[in-house]
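**Q** Here's a structure for you.
In the working numbering, the protein residues as written are 93 to 259.
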């Protein structure tokens, strides 16, 4: 499916790694960034995954990513992963704090892509509590909270491991 004219998106490319990391740093509180300590390759592999996997011609791609490119930075990013078997569809979504109005149109676009095949299955979207615009868009679109995960971090110095070698 092509992006709509009222929402000028383009497909995500590998050269968007830096822009996606900048989008993450604009959203995530500093303490979260310090705790996760990710570079652009790590963040992209965790968040985007393998968007350019081999696919069967004439069938929709299992994973598709799109960006709202403002030239100097990304205003938003959305990725869909089509489920198969017992697995649900998944949406990943992030918007720049200056472009919170993009959350709902990006979500609608993703849902329209997932609805094209007529494959009625649950749709999951993992979101962090500080991503308020995305949380609101999900709630307004009928999504319900089903689970919470916590990331625990130990702050402070670590004690080096001491090994005694036999003489």
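Note that beta-carbon positions come from the ideal geometry of N, C-alpha and C, so glycine has one too.
(1) So, residue 185 versus residue 170, is the Cβ gap smaller than 7 angstroms?
(2) Exposed or buried, which one is residue 181 when buried takes at least 16 other CB atoms within 10 Å?
(3) Given a threshold of 16 other Cβ atoms within 10 Å of its Cβ, counted over all protein chains shown, does residue 126 qualify as buried or as exposed?
(4) Rounding to the nearest angstrom, what Cα-Cα distance links residue 162 and residue 214 in this structure?
(5) What are the complete alpha helix (DSSP H) segments, minimum 4 residues, inside the segment 159–213?
(6) What is the C-beta distance between residue 222 and residue 100, in whole angstroms, given that I count them as a contact (C-beta under 8 angstroms)?
(7) What do you reckon, are the CB atoms on residue 242 and residue 187 nearer than 7 angstroms?
(8) Can you name the start and end residues of the beta strand (DSSP E) that residue 216 belongs to?
(9) In angstroms with no decimal places, state the Cα-to-Cα distance between residue 232 and residue 209.
(10) Could you give the first and the last residue of the continuous alpha helix (DSSP H) run that contains residue 241?
**A** On the basis of the coordinates in this document:
(1) yes
(2) buried
(3) exposed
(4) 32 angstroms
(5) 195–207
(6) Rounded, the Cβ-Cβ distance is 27 angstroms, inconsistent with contact.
(7) Taking C-beta atoms as the reference points, residue 242 and residue 187 fail to come closer than 7 angstroms.
(8) 215–217 is the extent of the beta strand (DSSP E) around residue 216.
(9) Distance between the alpha carbons of residue 232 and residue 209: 24 angstroms.
(10) It is not in any alpha helix (DSSP H) - residue 241 carries neither H nor E in the DSSP assignment.
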